[in-house]
Amino acid sequence: MLNQKSRFILTISGISPVCATVALLAFIDGNQKEWDILEHLKTLKFSNSESLFWVSIALFIVSIALFPLVLNQAKKREPWHSPSEIKITSLTPANGEITNYFLGYLFPLLGGGELFNNIYIAIFFYFSMFIWVNFSGSYSLNPIFTFLGYKFYEVERETQTGKTMGFILIARKTITSPELPIKMVKLTEHTYLQIKDT
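Take the sequence shown: its letters are residues 91 to 288, numbered as in this note's numbering.
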């Protein structure tokens, strides 16, 4: 299973689009004529909109930069082979789940720049999003995976007792049939990641 550090990275990178959205709102809402980046970096005196912009940009960059660590760790895990180890009984695209997840990213736009012109409100919002994504397990539907071209599937597999169990499969390519062999690693109890054959 994914360790806590990787789960943290997936969660924080999962909210990276929110950081980009809030940074954009801070930039649009702020008075750019008063923004003097070099002078304010020297004095470390920023306006509210500048502070919010730079904090949001920093969080966005850090979350994107940490994401490859998860992929590197996943590649080191022991692979599972379908259908020899995992018998997949059904496989459907999870596009609806992704759409619902992205609606959360649109919330800052609905609130407008005025709602997020205070850095404390924005930090509270980031913290709330982090808690929601982490505890809901939505970090597996990560937007960076989508940006890298991965696809999400809702999969049911047959257990050793003959019952079915569902999980999310993050696949590198489009999968057209559950009978196709898939090499994957187990990220969490209910999330698998397809990996390349070596």
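Just so you know, even glycine gets a beta-carbon here, dropped at the ideal spot from N, CA and C.
For chain D, is any of its Cβ atoms less than 9 Å away from the one on residue i?
i, result
"Gln163", "Among the chains of the structure shown, chain D does not appear; only one protein chain is present."
For my contact list, residue i and residue j are in at a C-beta cut-off of 8 Å; report their separation, rounded to the angstrom.
i, j, result
"Ala184", "Phe242", "4 Å"
"Ile213", "Ser141", "Contact flag wrong, Cβ pair sits at about 10 Å."
"Ile234", "Ile154", "7 Å"
"Ala116", "Phe150", "Rounded, the Cβ-Cβ distance is 12 Å, inconsistent with contact."
Can you grab the Cα-Cα spacing for the pair residue i / residue j, in whole Å?
i, j, result
"Glu248", "Lys286", "24 Å"
"Val245", "Ile118", "42 Å"
"Gln156", "Tyr229", "According to the sequence displayed, residue 156 carries Leu and not Gln. Approximately 14 Å between the Cα atoms of the pair."
"Trp170", "Ile99", "23 Å"
"Ser172", "Gln250", "14 Å"
"Gly252", "Val160", "32 Å"
"Lys135", "Val152", "23 Å"
"Gln94", "Leu259", "20 Å"
"Thr111", "Glu279", "31 Å"
"Ser226", "Pro158", "22 Å"
"Thr288", "Met274", "With a pLDDT of 44 at Thr288, under the threshold of 50, the modelled position of this residue cannot be trusted, and the question is left open."
Could you work out which residue in the options is closest to residue i when comparing CA atoms only?
i, options, result
"Thr281", "Tyr210, Ile234, Phe257 and Ile176", "Phe257"
"Ile176", "Thr254, Arg262, Arg97 and Thr264", "Thr254"
"Thr37", "Phe217, Ile209 and Tyr240", "With the chain represented from 91 up to 288, any question about residue 37 goes unanswered, as that position is not in the structure."
"Ser139", "Thr264, Ile211 and Arg167", "Ile211"
"Ile265", "Thr251, Thr278 and Gln284", "Gln284"
"Leu238", "Thr251, Ala261 and Gln250", "Ala261"
"Leu277", "Arg167, Val152 and Val108", "Arg167"
"Leu231", "Lys95, Gln94 and Ser103", "Ser103"
"Asn162", "Lys263, Thr111 and Ser96", "Ser96"
"Cys109", "Val160, Phe215, Lys135 and Leu159", "Phe215"
"Pro107", "Thr236, Glu279 and Met274", "Thr236"
"Leu263", "Val275, Tyr240 and Thr111", "The question names Leu, yet the displayed sequence has Lys at residue 263. Ranking Val275, Tyr240 and Thr111 by Cα distance to Lys263 puts Tyr240 first."
**OP:** Kindly provide the ranges of any beta strand (DSSP E) runs that are 3 or more residues long and lie completely inside the stretch 234-271, ordered along the chain.
**Re:** 241-248 and 254-261
**OP:** Would you be able to state if there are at least three C-beta pairs under 8 Å between the stretch 136-145 and the stretch 171-182?
**Re:** no
Subject >> Complete runs of the alpha helix (DSSP H) confined to the stretch 134-181 [at least 4 residues] >> reply: 138-165
Original post:
Does the stretch 266-273 touch the stretch 210-223, meaning 3 or more C-beta pairs lie closer than 8 Å?
Top reply: no
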